[in-house]
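So the structure is just underneath, and the comments pick up after that.
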Amino acid sequence: VIKMRLPALLLLIFTGAAAFHIPSHEEKVAAWNKLTVFNCATQDFNEGVIDGYKLIFVNPIWRHGDRGPTEKYAGDVLDEDDWDFGGGGYGELSPIGMEQHFHLGEMMFERYAEGGKFLSERYRAKEIYARSTDRNRTLISAMSNFAGMYSRATAVNGTDYPAFSSWPVSFVPVSIHTEDQHHDHVGDPDADCARQDDLWYKLAHEHPEYINYNNKPRTQQTLDYLINATGSDKNGINFDNVYLIRGGMLAESIHFPDNFSTWYPWYSADVKQRVE
Numbered sequence: 189v190i191k192m193r194l195p196a197l198l199l200l201i202f203t204g205a206a207a208f209h210i211p212s213h214e215e216k217v218a219a220w221n222k223l224t225v226f227n228c229a230t231q232d233f234n235e236g237v238i239d240g241y242k243l244i245f246v247n248p249i250w251r252h253g254d255r256g257p258t259e260k261y262a263g264d265v266l267d268e269d270d271w272d273f274g275g276g277g278y279g280e281l282s283p284i285g286m287e288q289h290f291h292l293g294e295m296m297f298e299r300y301a302e303g304g305k306f307l308s309e310r311y312r313a314k315e316i317y318a319r320s321t322d323r324n325r326t327l328i329s330a331m332s333n334f335a336g337m338y339s340r341a342t343a344v345n346g347t348d349y350p351a352f353s354s355w356p357v358s359f360v361p362v363s364i365h366t367e368d369q370h371h372d373h374v375g376d377p378d379a380d381c382a383r384q385d386d387l388w389y390k391l392a393h394e395h396p397e398y399i400n401y402n403n404k405p406r407t408q409q410t411l412d413y414l415i416n417a418t419g420s421d422k423n424g425i426n427f428d429n430v431y432l433i434r435g436g437m438l439a440e441s442i443h444f445p446d447n448f449s450t451w452y453p454w455y456s457a458d459v460k461q462r463v464e
């Protein structure tokens, strides 16, 4: 927050690094109220000014919404064809994820645009710039976010969207910018960089903290249990890839709740906690 007069701008970045938790709508609301620049419960943001400081720039960064697993993991009973939403296949955004970002867009509107407190109530291209990593799930998350933010009664028929009956009512298309994932060194931590890969490997495999944690009896007991339960081996399940089980199990428990415990009776609450 800077005491200056400059054009208002909201920059949004949607990124797609590996996820460890998919927050619920309620968790996002709680995090939003806790972490945003202005907490409207205690501060008056109607004029965009607090204690003489005027908000001129906001740069929020979010992950994508709920998705399917990114690949098959050891012991997985499902195949890629079983994940049909979001265009089908591994790693695609689910309808739950689309709804999550739609609600986030609604909160964005209420926080920054309603009443013209910072942004206009209608989409103005010079006020907002959105960039996403080059993944389907992040691009569609961004689209869903702006559907919640700007596809509303404030949009002008025939100006903000086409005036013909087949067009979704009040749907305002918003530009989402991206960069090839191999060269996106702003949003994608897996972009091509030999130096980064070398440092990451050394930090992850040679650092004493990593070595000590990996060699703990509890860690090895958990890995051995998973190997036996899934019929895998140390190449199929190890400290470097066990996150695939955690992420896959989370997705399947959300999207196949009636079958999950039957498919994986060995994945108890205790095992889940140890994997996490």
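Following the numbering used here, the numbering of the sequence shown begins with 189 at its first residue and continues without gaps. All residues carry an ideal CB built from backbone N, CA and C; glycine is no exception.
Go through its chain and collect everything with a Cβ distance to residue i's Cβ below 7 Å, but skip five positions before and after it.
i	result
Asn345	Ala351
Ala417	Gly263, Trp454
Ala343	Arg310, Tyr349, Ser358, Val360
Report yes if the CB atom of residue i is closer than 8 Å to the CB atom of residue j, and no otherwise.
i	j	result
His365	Gly336	no
Gly285	Arg255	yes
Leu281	Asn324	yes
Val360	Tyr349	yes
Leu432	Tyr317	no
Thr321	Asp372	yes
Quick check on the burial criterion: 16 or more other C-beta atoms within 10 angstroms. Buried or exposed for residue i?
i	result
Pro257	buried
Ser449	exposed
Ile425	buried
Thr326	buried
Glu440	buried
His395	exposed
Ile399	exposed
Tyr338	buried
Ser329	buried
Tyr389	exposed
His209	Because His209 carries a pLDDT of 47, less than 50, the predicted location of this residue cannot be relied on, and the following value inherits that uncertainty. With fewer than 16 other Cβ atoms within 10 Å, it is exposed.
Arg319	buried
Asn227	Because the pLDDT at Asn227 is just 46, under 50, the model does not fix this residue reliably, and the value given afterwards should be weighed accordingly. Burial call: exposed.
What residues in its chain sit with their C-beta under 6 Å from that of residue i, if we drop five residues either side in the sequence?
i	result
His393	none
Asp376	Thr321, Gln369
Ser420	Ala262
Leu387	none
Glu367	none
I need the straight-line Cα distance from residue i to residue j, nearest angstrom please.
i	j	result
Asn423	Asp267	20 Å
Ser358	Val430	44 Å
Pro445	Ser332	25 Å
Gly277	Tyr241	48 Å
Trp250	Ser456	31 Å
Lys314	Tyr300	15 Å
Ala341	Glu302	12 Å
Val265	Trp451	7 Å
Glu298	Gly274	27 Å
Arg310	Glu214	27 Å
Thr347	Arg312	12 Å
Glu259	Gly435	10 Å
His289	His252	8 Å
Lys305	Pro356	27 Å
Val141	Asp239	One cannot answer for residue 141 here, as it falls past the ends of the chain, which runs 189 to 464.
Leu411	Leu391	21 Å
Ala206	Asp378	With a pLDDT of 41 at Ala206, under the threshold of 50, the predicted position of this residue should be treated as unreliable, and no value is reported.
Asp385	Glu397	19 Å
Go through its chain and collect everything with a Cβ distance to residue i's Cβ below 8 Å, but skip five positions before and after it.
i	result
Glu407	What sits at residue 407 in the sequence shown is Thr, not Glu. The residues are Tyr401, Phe427.
For this session: Mind listing, in chain order, the continuous beta strand (DSSP E) runs of no fewer than 3 residues lying wholly within the segment 333-420?
Result: 365-367
For this session: Quick one: which unbroken alpha helix (DSSP H) runs of 4-plus residues sit fully inside the segment 244-318? Chain order, please.
Result: 283-296
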